[in-house]
Structures are given as C-alpha cells and as structure tokens.
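Report on one structure; see the data block that follows.
Number of protein chains: 2
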Amino acid sequence: MKDIAELSGVSIATVSRVLNNNGRFSEETKEKVLKVIEETGYQINYSAKTLRMNKSFSIGILVPDITNLFFANVVEQIEEILFDKGYSTIICNTARDAKKEKAYLSVLVSKLIDGLIIISGADDFEFEHQSAKKEIPYVCIDREPKDKDRTIFISSNHYQGAFEATENLIANGVKHPAIVLHKKSSSSSKERFSGFKDALKKNNIDFSNEENTLFFHTNKQENKTLLKNFVNDHPDTDGLFTVNDNIGLDIILFLKELNIDVPKDIKIIGFDNVPTCEYSNPTLSSIKQDTEKIAKKAVSSLIKLIDGQTEDKGKIYLLPVQLIERESSKLQ
Amino acid sequence: MKDIAELSGVSIATVSRVLNNNGRFSEETKEKVLKVIEETGYQINYSAKTLRMNKSFSIGILVPDITNLFFANVVEQIEEILFDKGYSTIICNTARDAKKEKAYLSVLVSKLIDGLIIISGADDFEFEHQSAKKEIPYVCIDREPKDKDRTIFISSNHYQGAFEATENLIANGVKHPAIVLHKKSSSSSKERFSGFKDALKKNNIDFSNEENTLFFHTNKQENKTLLKNFVNDHPDTDGLFTVNDNIGLDIILFLKELNIDVPKDIKIIGFDNVPTCEYSNPTLSSIKQDTEKIAKKAVSSLIKLIDGQTEDKGKIYLLPVQLIERESSKLQ
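Note that the protein sequences, when read in sequence, are chains A and B. Every letter in the first sequence is one number past the one before it in the UniProt record's numbering, and letter 286, counting from 1, is 286. Every letter in the second sequence is one number past the one before it in the UniProt record's numbering, and letter 91, counting from 1, is 91.
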C-alpha cells in the first residue's frame with residue numbers, strides 16, 4: 001500500500017479509500033492509483049479490475065457430489081473453459097443436502113460472484129433472489145429450475161438414453177427387462193425411469209412395479225440381498241437397465257457370486273459411462289453423456305446472461321447421449 | 001438496507017457504513033444495526049458475523065485434479081468436518097498448472113478466506129505472503145511446503161506404502177520387480193520411488209534404471225507399446241509396483257492382450273485403493289491411504305493456526321498406509 005501510494009503520488013489513506021471503493025476521491029485519483037496497482041502484479045491487478053468494471057470475474061458452481069466422476073468431469077471442463085475466458089471458478093460441494101446448498105448459495109453471493117452454475121440435485125432449483133443484493137445470473141445443469149423464465153436449463157436427454165438402452169436390451173433378445181434405481185431420485189433419474197417405461201410400452205411389454213422395478217438402498221450388502229431376492233422372485237428376468245453405472249458394476253459382482261452369467265443369463269446396461277466400465281469383467285455397456293458439450297453450453301449461456309444478453313432466458317437445451325456397447329449387453 | 005435502517009432507527013447511509021465497516025459510526029450504532037441484520041436471515045447474518053469477528057468462516061482448498069478420486073474423497077471429507085464446525089469450504093481446481101495455482105491463490109485471498117488447505121502438486125509449495133494483506137494460515141497435504149516453519153505438513157507415508165508393496169511382491173515370489181511411474185512426478189511419487197528402491201536393496205536385488213523402471217506417458221496407446229517393449233526387453237519381469245492404481249488397472253488390460261497372466265506370470269500392486277480396484281479382473285491389490293485421518297488432521301491443524309495456536313507450526317505428520325491384498329498379487 002505504501003509503495004503504491006508513493007508510486008502514484010497520493011497518500012496511503014487515499015490508496016486505501018480507492019481499494020475499499022468508498023467514494024471520497026476523484027475519478028482522476030482513482031485512475032492514477034488503479035494504473036499503478038495494475039502494474040504491480042496479478043493479485044492486486046485482479047482487485048483493480050473488479051473495482052473498475054464492477055465485476056469479480058469469478059463464477060460459483062454448486063455440485064452435489066464431487067466424488068461422482070460425471071459431475072467432477074463436468075466441473076473440470078467448465079473450469080477450463082471459464083479460465084480461458086478470464087474467469088475463475090469457485091466450487092462448493094453440497095453433499096446433496098438442502099441445508100448445505102442454501103448455506104453455500106449465501107456464501108457464494110457474499111463472495112461477489114458474477115454468475116452461478118447449478119449442477120443436479122434432488123428437487124427443482126429455486127434461487128431466492130430477494131436475499132441477494134443484485135440479481136445474479138445463473139444456469140442449471142441436469143436440474144430443473146423452478147423459475148424457468150429467469151434462467152437457462154441444460155441437460156442430457158436422459159429420457160432418450162434410457163429409451164435407447166432399454167430398446168437395445170430388447171433388440172438383443174431380452175424379454176423380461178427390469179430397471180434398478182434408488183428410491184430418492186433426482187430429476188434426471190425420473191426422466192430415465194420414464195424412458196424405460198415408454199420403451200417397454202412401445203415393445204408391447206407390460207410394465208408393473210412389482211416385476212420390472214428394483215429399488216436399491218445405499219448399503220452394498222443390503223443391495224446384494226435385494227438383488228438375490230429379486231432374481232429369486234422373478235427368475236424370468238433377463239435384462240437390467242441400471243440408472244447409473246455404479247449400480248450396474250455392483251450387480252455384475254453380485255451376479256457372479258450367484259453364478260448367474262452376464263451377458264448370457266442377464267444383460268446389463270448402465271448410465272454415465274464412468275471409466276470403470278472399461279475395467280470390469282464383463283465390461284459394462286453404458287450411456288455416455290457429452291460432458292464437453294454440457295460444459296461449453298453452460299459457460300456460453302451464463303456468459304451471455306452476465307453480459308446482459310437475455311434472449312436465451314427460458315430456453316431448455318437437451319443434449320443427445322450415446323449408447324456405448326460393451327460385453328455386458330452383447331447378443332450371444 | 002432500507003428495512004434494516006428503519007428497524008434499527010438509523011439512516012440508510014449509516015447502515016451502509018456499518019456494512020462496509022469504514023469506521024464512521026459508534027460501537028453502539030454498529031451493535032444496533034448488526035442485531036437487526038442478524039435477525040433478518042442467514043445470508044446477511046453471515047456478513048454480520050464476519051464483521052463482528054473479523055472472520056469470514058470460509059476456508060479455501062487448492063486441489064490439483066478433482067477428477068482424481070483420492071483427492072475428491074479428501075476434499076469431500078474436509079468439507080464435511082469444516083461445515084460441522086461452522087466453516088464453509090471453497091474449492092479451486094488448479095489442473096496441475098502452476099500459473100492457474102497462482103491465480104487461484106490470489107482469488108482465494110481476495111475472497112477473504114480465513115485459512116487455506118493445499119493438496120498435492122508438482123513442486124514444493126510456496127505462499128508469497130507479501131501479496132496478502134494479512135498472513136493467511138495454511139496447511140499442506142501431500143506436498144512439501146518451502147517454508148516449513150510457517151505451516152503444518154500432513155502426508156500419507158508414501159515411502160512406507162511403496163516399501164511394503166514391494167516387499168509383499170518379493171515375499172510372494174517375485175524375483176525381478178519393476179516400478180511403473182510418470183516422468184513428471186509429485187513429491188509423493190518421489191517418496192514411493194524411494195520406498196521401492198530401498199525394498200530392493202534390503203532384499204539384495206540390484207536396482208538399475210534400465211531393468212527396474214518403466215516410465216509411462218499420458219497417452220494410453222503409447223503406454224501399451226511402452227509396456228510391450230519393456231516385457232520384450234526384460235522377459236524376466238515378474239512383478240510390477242505401479243505408483244498409482246490407474247496405471248495398474250491399464251496394465252492389467254494391456255497384459256491380457258499380450259496373453260500374459262496376472263498374477264501367475266506377473267504380479268501387480270497399485271497405490272491409492274480407488275474403487276475400480278474391486279471391479280477389475282483380476283481385482284487389483286493396492287495401498288490404501290487413510291483419507292479420513294488426513295482430512296481430520298488437516299482441519300484440526302488449520303483451525304488451531306486460525307485460532308492463533310502456533311505450537312504445531314513446523315510439524316510434519318506422516319500417516320500410516322495399509323496394503324489391501326487382492327487377486328493381482330496373490331501367491332499362486
């Protein structure tokens with residue numbers, strides 16, 4: 001501060017006032033001080049830029065679970081694109097906890113972010129703007145916003161993915177498909193459930209909760225028992241669509257213990273295309289989401305909103321997904 | 001602001017001065033305004049708390065790669081412990097890029113964090129405190145700080161893990177072990193390299209870079225060729241210690257294509273104990289780091305520093321690791 005004062009020929013108090021932006025200085029003085037600050041290095045440069053443009057050049061991301069590789073990949077790619085555009089990314093992990101999410105929203109707002117990216121979550125997303133000093137632009141990925149007109153919604157076409165996976169199972173000879181999912185589901189797994197049911201309908205297979213649905217818990221040992229009981233009660237089951245790869249990978253191990261062969265006896269297709277799909281035995285077929293496109297679309301949409309271009313507000317972008325066929329769903 | 005002014009019986013300008021903490025108001029006025037602010041909800045409550053205690057109750061984390069499950073797990077657990085203690089966690093992903101790391105350090109400082117946790121990275125960590133307005137306490141995980149006296153260093157005992165893995169291979173009959181690692185290595189992989197070499201020494205196995213070291217690149221296809229050439233040039237190789245599980249998992253697939261049986265012909269032990277180890281065929285033996293202990297120690301150390309308890313400064317905590325034996329290293 002002392003050096004900056006000397007270099008710009010003003011008092012230390014004036015430099016402090018400029019840095020705190022509290023108004024008791026002339027435009028000319030401000031310019032002089034900011035120029036010196038900018039010349040003395042990046043970190044203060046950053047503050048100076050913020051003061052000058054009334055922007056912080058930082059974007060907040062709310063993510064439900066960074067240990068989920070799909071989310072981690074999306075976040076990583078968003079960060080990369082934003083950094084190239086001069087924005088820094090601040091990530092907060094909400095652990096799928098509504099209270100935590102609310103707290104982190106407040107934190108991010110208090111950290112003066114320019115915009116916000118919301119990734120997934122259990123319920124529709126609602127941003128209580130009245131608590132923020134100014135309206136903060138935001139976009140939602142894989143999670144429906146409550147206030148659709150104020151934001152842009154970007155999502156993989158989960159319905160299409162589930163529909164294609166189920167039709168692929170049927171095309172490969174599956175007569176009695178079931179879906180495996182969690183009770184407490186996100187908006188994207190609800191879409192996947194719909195896609196599964198509609199594929200059955202289209203192929204004239206009757207759907208019943210009893211015969212075509214298996215709900216998993218979070219405990220692995222418990223799930224093993226649930227699966228065992230399900231295949232005992234429904235021995236005709238010859239294909240499983242699992243709403244995510246983690247469920248599918250566990251089932252491959254469970255079925256091995258039950259001496260049920262995958263894909264000969266039961267074919268499996270998962271969702272998300274996590275790296276482990278390539279290492280399991282058999283390798284797991286899965287639906288791949290285009291994380292790169294999701295990241296690009298989220299960033300470009302948000303930056304438009306930040307720049308005051310509001311013509312995309314209310315838009316929904318559904319990005320296509322792709323079936324990656326591996327051993328677990330192969331026709332024998 | 002208007003409501004707060006009305007409720008606390010002062011002018012809007014005074015509320016603004018209190019919020020910006022610029023000093024031109026009495027303690028009594030400040031108390032009155034803060035009380036009203038605290039009563040009107042969490043987000044402003046948060047700012048009020050910050051002003052009152054001169055603390056932001058937020059902690060920054062610099063992580064090199066959130067798509068690495070070991071890092072993601074550590075971060076997730078740190079967040080959980082911190083949140084329970086009333087702190088929010090702000091995560092920045094540096095993508096193993098020194099420039100980015102510097103930029104994010106500046107961002108975090110400008111966001112008024114109370115403390116900083118640095119996870120891993122290529123070089124020793126150096127925090128240029130002169131650029132920060134006040135000294136920000138920090139701790140380092142898996143990365144040696146340059147200025148050891150100013151911080152606390154927490155790390156798994158990578159040396160011990162590598163030593164035990166290598167001795168286990170030898171105990172299971174391996175006569176010609178090799179280590180597989182990346183050229184550009186972190187301080188933790190350097191430790192792992194030392195552990196490997198010392199285990200060879202203790203067991204009277206000569207070490208040479210030519211015969212006992214295989215350097216991998218980042219490209220999978222290239223690595224397949226590198227491995228193929230290595231086993232051709234050194235057909236005696238019967239055990240591999242890979243510095244991380246990702247390398248070990250790829251090698252299992254590569255060796256399958258080369259019709260080399262794991263563990264009969266070549267035994268493998270990895271490092272990190274990522275979930276995929278349980279899904280591969282054969283399952284991959286690995287060294288497990290105690291992420292929970294790492295997270296707990298990092299948080300308790302940092303909070304001590306923040307609270308002004310400096311007696312632990314300069315300390316190094318090396319946490320024990322554990323060999324998880326699976327099929328890939330089994331005695332035949």
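Glycine included, C-beta positions come from ideal geometry on N, C-alpha and C. Since we're looking at a predicted model, the values are computed, not measured.
Cβ shell of residue i (< 8 Å), same chain only, five flanking positions each side left out
| i | result |
| --- | --- |
| Ser47 (chain B) | In this prediction, Ser47 (chain B) scores a pLDDT of 47, lower than 50, which makes its location untrustworthy; no coordinate-derived value is stated. |
| Gly9 (chain A) | Lys32 |
| Ile12 (chain B) | Met1, Lys2, Ala5 |
| Asp236 (chain A) | Lys175, His176 |
| Asp206 (chain A) | Leu200 |
| Asp14 (chain A) | Reading off the sequence, residue 14 (chain A) comes out as Thr, not Asp. Ala5, Phe25, Thr29, Val33. |
| Ala95 (chain A) | Pro64, Asp65 |
| Lys264 (chain A) | Gln332 |
| Cys92 (chain A) | Gly60, Ile61, Leu62, Val63, Tyr104, Val107, Leu108 |
| Ile324 (chain B) | Asn273, Cys277, Ser285, Ser286, Ile287, Lys288 |
| Asp238 (chain B) | Gly173, Val174, Lys175, His176, Pro177, Asp265, Ile266, Lys267 |
| Ile260 (chain A) | Val231, Ile266 |
N- and C-terminal bounds of the alpha helix (DSSP H) containing residue i
| i | result |
| --- | --- |
| Ala199 (chain A) | 187–202 |
| Ile4 (chain A) | 2–8 |
Contact test: residue i Cβ vs the ligand SAH heavy atom, cutoff 7 Å
| i | result |
| --- | --- |
| Asn157 (chain A) | The ligand content of the structure shown is nil, which means the ligand SAH is not present either. |
Host beta strand (DSSP E) of residue i (start-end)
| i | result |
| --- | --- |
| Thr213 (chain B) | 213–216 |
| His158 (chain A) | Per DSSP, His158 (chain A) belongs to no beta strand (DSSP E); it is in the alpha helix (DSSP H), 158–171. |
| Ser58 (chain A) | 58–63 |
| His182 (chain B) | 177–182 |
| residue 333 (chain A) | A question about residue 333 (chain A) goes unanswered here, because the residues of chain A that appear run from 1 up to 332. |
Cβ-Cβ separation, residue j to residue i (assumed contact under 8 Å), whole Å
| i | j | result |
| --- | --- | --- |
| Tyr87 (chain A) | Ile59 (chain A) | 5 Å |
| Thr242 (chain B) | Ala72 (chain A) | That belief does not hold up - the Cβ atoms of Thr242 (chain B) and Ala72 (chain A) are roughly 22 Å apart, past 8 Å. |
| His217 (chain A) | Asn209 (chain A) | Going by Cβ atoms, the distance from His217 (chain A) to Asn209 (chain A) rounds to 17 Å, so no, they are not a contact pair. |
| His178 (chain A) | Leu255 (chain A) | Checking the sequence shown, residue 178 (chain A) turns out to be Ala, not His. Ala178 (chain A) to Leu255 (chain A), Cβ: 13 Å. No contact. |
| Ile90 (chain A) | Val75 (chain A) | So it is not a contact: roughly 11 Å between Cβ atoms. |
| Gly115 (chain A) | Tyr138 (chain A) | 6 Å |
| Leu112 (chain B) | Ser56 (chain B) | 4 Å |
| Gly303 (chain A) | Lys85 (chain A) | Gly is not the amino acid found at residue 303 (chain A); the sequence shown has Ile there. Ile303 (chain A) to Lys85 (chain A), Cβ: 7 Å. Contact. |
Proximal residues to residue i (C-beta, below 6 Å), its chain only, five neighbours per side dropped
| i | result |
| --- | --- |
| Val274 (chain A) | Leu69, Asp245 |
| residue 341 (chain B) | For residue 341 (chain B) there is no data in the structure shown, the boundaries of chain B being 1 and 332. |
| Leu280 (chain A) | For clarity, residue 280 (chain A) is Ser in the given sequence; the question names Leu instead. Same-chain partners within the cutoff: Leu249, Ile252. |
| Gln322 (chain A) | Lys288 |
| Ile44 (chain A) | Only weak support is given to the placement of Ile44 (chain A): the predicted model assigns it a pLDDT of 45, under 50, and the value that follows is read from those uncertain coordinates. Counting only Cβ-Cβ distances below 6 Å, and skipping sequence neighbours, we find Ile37. |
| Leu214 (chain B) | Ala178, Val180, Phe230 |
| Asp97 (chain B) | none |
| Lys100 (chain B) | Thr94 |
| Ile152 (chain A) | Val139, Ser301, Asp312, Lys315 |
| residue 370 (chain B) | Residue numbering for chain B in the displayed model covers 1 to 332; residue 370 (chain B) lies beyond these limits and cannot be assessed. |
| residue 346 (chain A) | Nothing in the structure corresponds to residue 346 (chain A), since chain A is present only between 1 and 332. |
Residues near residue i by beta carbon distance below 7 Å, same chain, minus five either side
| i | result |
| --- | --- |
| Gln77 (chain B) | Thr291, Glu292, Ala295 |
| residue 353 (chain A) | Outside the modelled stretch of chain A, which goes from 1 to 332, sits residue 353 (chain A), for which no answer is possible. |
| Val262 (chain A) | Ile252, Leu255, Ile268, Pro282, Ser328 |
| Leu318 (chain A) | Ser155, Asn157 |
| Leu7 (chain B) | Val36 |
| Gln163 (chain A) | The question names Gln, but residue 163 (chain A) in the sequence shown is Phe. Counting only Cβ-Cβ distances below 7 Å, and skipping sequence neighbours, we find Gly195, Asp198, Ala199. |
9 Å Cβ cut-off: residues of chain C touching residue i
| i | result |
| --- | --- |
| Cys92 (chain A) | Absent from the structure: chain C. Protein chains present are A and B. |
Touch test, the region 225–232 of chain A against the region 183–198 of chain A, Cβ-Cβ under 8 Å, three pairs minimum: no
Every unbroken alpha helix (DSSP H) within the region 258–326 of chain B, with a cutoff of 4 residues, ordered by chain: 291–306
The region 260–270 of chain B contacting the region 164–177 of chain B, beta-carbon criterion three pairs below 8 Å: yes
Those runs of the alpha helix (DSSP H) which lie wholly inside the region 83–133 of chain B and span at least 4 residues: Within the region 83–133 of chain B, the complete alpha helix (DSSP H) segments at least 4 residues long are 98–110, listed from N- to C-terminus.
Touch test, the region 146–163 of chain A against the region 312–324 of chain A, Cβ-Cβ under 8 Å, three pairs minimum: yes
Segments of 3+ residues assigned as beta strand (DSSP E) that fall wholly inside the region 218–253 of chain A: 239–242
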